[in-house]
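Chains as they are written, first to last, in my numbering: chain Z, 3 to 196; chain P, 3 to 196; chain S, 3 to 196; chain E, 3 to 196. Glycine included, C-beta positions come from ideal geometry on N, C-alpha and C. Values in this document were obtained by computation on a predicted structure and should not be read as measured data.
4 protein chains.
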Amino acid sequence: MARTTGSHSDITGPRVRAAALQLFARHGYAAVSMRQIAREVGVQAGALYNYTPDKQTLLFELMKTHMEELLEASSVRKSIEPLEALDEFTQLHLNFHAERPDEVFIAYMELRNLGPDNFAIIERMRRRYEDQLEAILRAGVEGKVFQVADTKVATMAVIAMLTGVNTWFREGGRLSLEEVGKIYTDMVRNAVGA
Amino acid sequence: MARTTGSHSDITGPRVRAAALQLFARHGYAAVSMRQIAREVGVQAGALYNYTPDKQTLLFELMKTHMEELLEASSVRKSIEPLEALDEFTQLHLNFHAERPDEVFIAYMELRNLGPDNFAIIERMRRRYEDQLEAILRAGVEGKVFQVADTKVATMAVIAMLTGVNTWFREGGRLSLEEVGKIYTDMVRNAVGA
Amino acid sequence: MARTTGSHSDITGPRVRAAALQLFARHGYAAVSMRQIAREVGVQAGALYNYTPDKQTLLFELMKTHMEELLEASSVRKSIEPLEALDEFTQLHLNFHAERPDEVFIAYMELRNLGPDNFAIIERMRRRYEDQLEAILRAGVEGKVFQVADTKVATMAVIAMLTGVNTWFREGGRLSLEEVGKIYTDMVRNAVGA
Amino acid sequence: MARTTGSHSDITGPRVRAAALQLFARHGYAAVSMRQIAREVGVQAGALYNYTPDKQTLLFELMKTHMEELLEASSVRKSIEPLEALDEFTQLHLNFHAERPDEVFIAYMELRNLGPDNFAIIERMRRRYEDQLEAILRAGVEGKVFQVADTKVATMAVIAMLTGVNTWFREGGRLSLEEVGKIYTDMVRNAVGA
DNA sequence: AATGAATGAGTTTTCATTCAT
DNA sequence: AATGAATGAAAACTCATTCAT
């Protein structure tokens, strides 16, 4: 049957990813069927395979894109002073994660649904992100502006603390993102003895 | 024939829960089949239903038991000074969670696989746990020994920081649990301005 | 564990049959599980096998007992006149069936759940019952008190008509069983041209 | 690979219904598995769910279609004289039911396997059919051409008598359907005192 | 690019039955 | 006589994926 001229591929593809993102975040990768995704897009299940070779790759691409954007956003900083760099990192992490709750949720929850190769790729990217914070902490320790017993541990602690915001922060709640940002900037500084 | 031999009543039940715990933690609730659990126990799938009415209840009981133990372990403290109480909370949290990585993982990851009623029950228990830390922080703020802009936010931040340990800490790794405990006790104190 | 002295076998057996009767009638043989029957009796499923070799035999015994009672009740009549005999048959059929709605229902609905041998046995008994009415009709035709084109067909028609009462008659409804009996006595007479 | 070859869309649907009809009639709804139906159709079990949302709906649709056809066939008659109408009803019932032994069997035997809503719908249709006969009988009583103590009871009795034919009549047996029709026309007339 | 029919393997759960105790 | 643990087979239904059209 005839369709409005022009290809749908450049419109359906993003819609597939958007639907998968939302559904995976809400119900979990394993609990979402290709048919559910297709229904959300307004298409039959078979059509999804024009946009992804399989369900697993769909998940992987979502996570990879997210990590790429995170790395790109975070690596712009050609950091100056450690303290300023730390504050900047805090703000960037909070803003970036607050804007992408679904992506963040998936990136943490669905790691074990990746095949080993895909898992390794995502893990490597996450490590690279952590390394950026650790570099800041190390610089601060060397410059005696931070007091930290173990920079690796402190890195993990700070990131966990920051990412935890996503479990409770909601736009329009008691606190604005700006207020939360101020509170965390202080807590992070304190935590690393700045 | 009925079964290999001998009655296994009081031995199979715990083994079912143990197998479910391990498998759910490793692969995720949705990705684990009743058959897999049964195989691990050394029994046919049907036999599991002598020990749980269904898969969902099996998950729920695991989480409920975990939260009950957490609440019991943490509520013994008839806290003295806020600072001492905070240190005690930090240690207890780290030790308790380090001993039960599977339970902790499940308690965080599988919330969305609970039915609404079961979810509400677990959420209430988690809230009660958070309230204990918040009470300590509030007492410390009143007594001017802590400096915290928002006790609720600080509560979430500290718990996220502490629970994050489970994502990387491994017994026998670079640091002992005791060393980690010291580092975190300091970082937590700092974070709340003690 | 100890039980009140004395055997339960002479009490549990009838209770098993009663429970099976009621449940088979309500939900159908195939839809009733041995566990359901056991629950109704207040016993574990395994205990049922002290009273029946299997589920199929339980059904068969229920039907056989019913047919035996029907044949016994109906064959007492060493009938006199055909018309009187016909009225007597009508009354007996209505009363007997009205008193045993569950047995009647099962005897009609569950025939196909019998194994071939059991089926043959029950069918033979049913045939014997029909033969009694046909004998009456034949006598009436010979005696010119009935006008019936085909006694076999008339037999089936009359029995169908009478048994149909069970689909709608309820004790305590608009009509008493006695009233229904009068109406059917007339209709049956008419139908066979008496 | 997808399937043997060629699209079967508009051919498989009817074949599913036909297979279900025959199997339900022969063995009973509860005793027939979706796999059996699928095997009869020559398809895997999963494919059936392209044609029915579930087994229960398959049964319901079979019964609904049957009742719709019955109502359509029977309501054409804009009856003239009660006696003529009665004869016509008798003939129509016998012919219609003789042509559809499987549908009739299911419509009577599987009522209790319908969910409550579906049951109510079918019951309402059956009631409408009965009402047509009762209207004829009432007209006949008013016009003094029938003698009937209770039109509702007579309606049930006549329909039971007629439907009973399906339990024994077989095309090619001792009597033709036409002969049976004549016999029943007489018996029905007699039964209602015409 | 999309459909719709189909597969084959899988899911959770239920079942009749057995049997050591 | 009864329990309770277990089996092995089967049930209804779902799923990711394929492919002719």
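Item: The alpha helix (DSSP H) enclosing VAL143 of chain Z, as first and last residue numbers; Value: 118-144
Item: Where the alpha helix (DSSP H) through ASP168 of chain Z begins and ends; Value: Residue identity check: residue 168 of chain Z is Asn in the sequence provided, not Asp. Element bounds for ASN168 of chain Z: 167-170.
Item: Any chain E beta carbon closer than 8 Å to ALA162 of chain S; Value: yes
Item: 8 Å Cβ cutoff, ARG203 of chain Z in contact with chain P; Value: Outside the shown range of chain Z, which is 3 to 196, sits residue 203 of chain Z, and nothing can be said about it.
Item: Rounded C-alpha distance that separates ARG19 of chain P from TYR131 of chain S; Value: 59 Å
Item: Test: ILE185 of chain E CB closer than 8 Å to a CB of chain S; Value: yes
Item: Beta-carbon separation (whole angstroms), ARG114 of chain Z vs HIS99 of chain P, contact threshold 8 Å; Value: 19 Å between Cβ atoms; not a contact.
Item: is_contact[ASP56 of chain S, chain E] using C-beta, thresh 8 Å; Value: no
Item: Runs of alpha helix (DSSP H) wholly within the stretch 25-71 of chain S (minimum 4 residues, chain order); Value: 36-43
Item: Helix, strand or coil at GLU173 of chain S according to DSSP, with G and I counted as helix; Value: coil
Item: Beta-carbon proximity check, VAL147 of chain P vs ALA156 of chain P, cutoff 8 Å; Value: no
Item: Cross-chain neighbours of ASN192 of chain P in chain Z, by beta carbon under 7 Å; Value: ASN192, ALA193 and GLY195
Item: Between the CA atoms of TYR31 of chain Z and GLY117 of chain Z - distance to the nearest angstrom; Value: 13 Å
Item: Close Cβ partners of PHE91 of chain S (< 8 Å) along its chain, the five nearest in sequence each way excluded; Value: SER76, ARG79, GLN134, LEU135 and ILE138
Item: Chain-ordered residues of the stretch 25-49 of chain S with a beta carbon less than 9 Å from chain E; Value: ARG28, HIS29, GLY30, TYR31, ALA32 and ALA33
Item: Stretch-stretch touch, CB-based, cutoff 8 Å, three pairs: the stretch 12-27 of chain S with the stretch 176-196 of chain Z; Value: no
Item: Extent of the continuous alpha helix (DSSP H) run through LEU96 of chain P; Value: 84-101
Item: Range of the contiguous alpha helix (DSSP H) that encloses GLY195 of chain Z; Value: Unbroken run through GLY195 of chain Z: none, as it is neither H nor E.
Item: Contacts of ALA151 of chain S in chain E (Cβ-Cβ under 9 Å); Value: GLU181, LYS184, ILE185, ASP188 and MET189
Item: Where SER178 of chain Z falls: helix, strand or coil (DSSP); Value: coil
Item: Straight-line Cα distance separating GLY44 of chain P from THR67 of chain S; Value: 45 Å
Item: Within chain Z, the residues that ALA87 of chain P reaches when beta carbons sit closer than 8 Å; Value: Per Cβ cutoff of 8 Å: no residues; ALA87 of chain P is ~19 Å from chain Z at best.
Item: Members of the stretch 123-145 of chain E that neighbour chain S once the beta carbon cut-off is set at 8 Å; Value: none
Item: Straight-line gap, GLY175 of chain P to TYR186 of chain Z (C-alpha atoms, nearest Å); Value: 30 Å
Item: Same chain, Cβ closer than 7 Å to ALA4 of chain Z, five either side skipped, listed in chain order; Value: The pLDDT assigned to ALA4 of chain Z is 40, lower than 50, so where the model puts this residue is not dependable; a value taken from the coordinates is nonetheless given after this. Once the five neighbours on either side are set aside, ALA4 of chain Z has no close Cβ partner at all.
Item: Given LEU60 of chain S as reference, the closest of S:PRO84, S:SER35 and S:LEU177 once Cα atoms are compared; Value: S:SER35
Item: Sub-8 Å separation of ILE124 of chain P and LEU64 of chain P beta-carbons; Value: no
Item: Reduced DSSP secondary structure (H/G/I, E/B, other) of ALA151 of chain P; Value: coil
Item: Minimum Cβ-Cβ distance from GLY8 of chain Z to chain P less than 8 Å; Value: The predicted position of GLY8 of chain Z is uncertain, since its pLDDT is 49 and thus under 50; a value taken from the coordinates is nonetheless stated next. Cβ-Cβ to chain P under 8 Å: no for GLY8 of chain Z.
Item: Reference ILE39 of chain Z; option with closest CA among Z:ARG17, Z:GLU173 and Z:ILE161; Value: Z:ARG17
Item: Other residues of its chain near GLU42 of chain P: CB distance less than 7 Å, five sequence neighbours each side excluded; Value: ALA21 and LEU25
Item: Distance CB(GLY142 of chain E)-CB(LEU94 of chain E) smaller than 8 Å; Value: no
Item: Three-state secondary structure (DSSP) of GLU74 of chain Z; Value: helix
Item: Close beta carbons around VAL182 of chain E, own chain, < 7 Å, minus the five adjacent residues each side; Value: LEU96, VAL167 and PHE171
Item: Buried/exposed call for ALA27 of chain Z, threshold 16 Cβ in 10 Å; Value: buried
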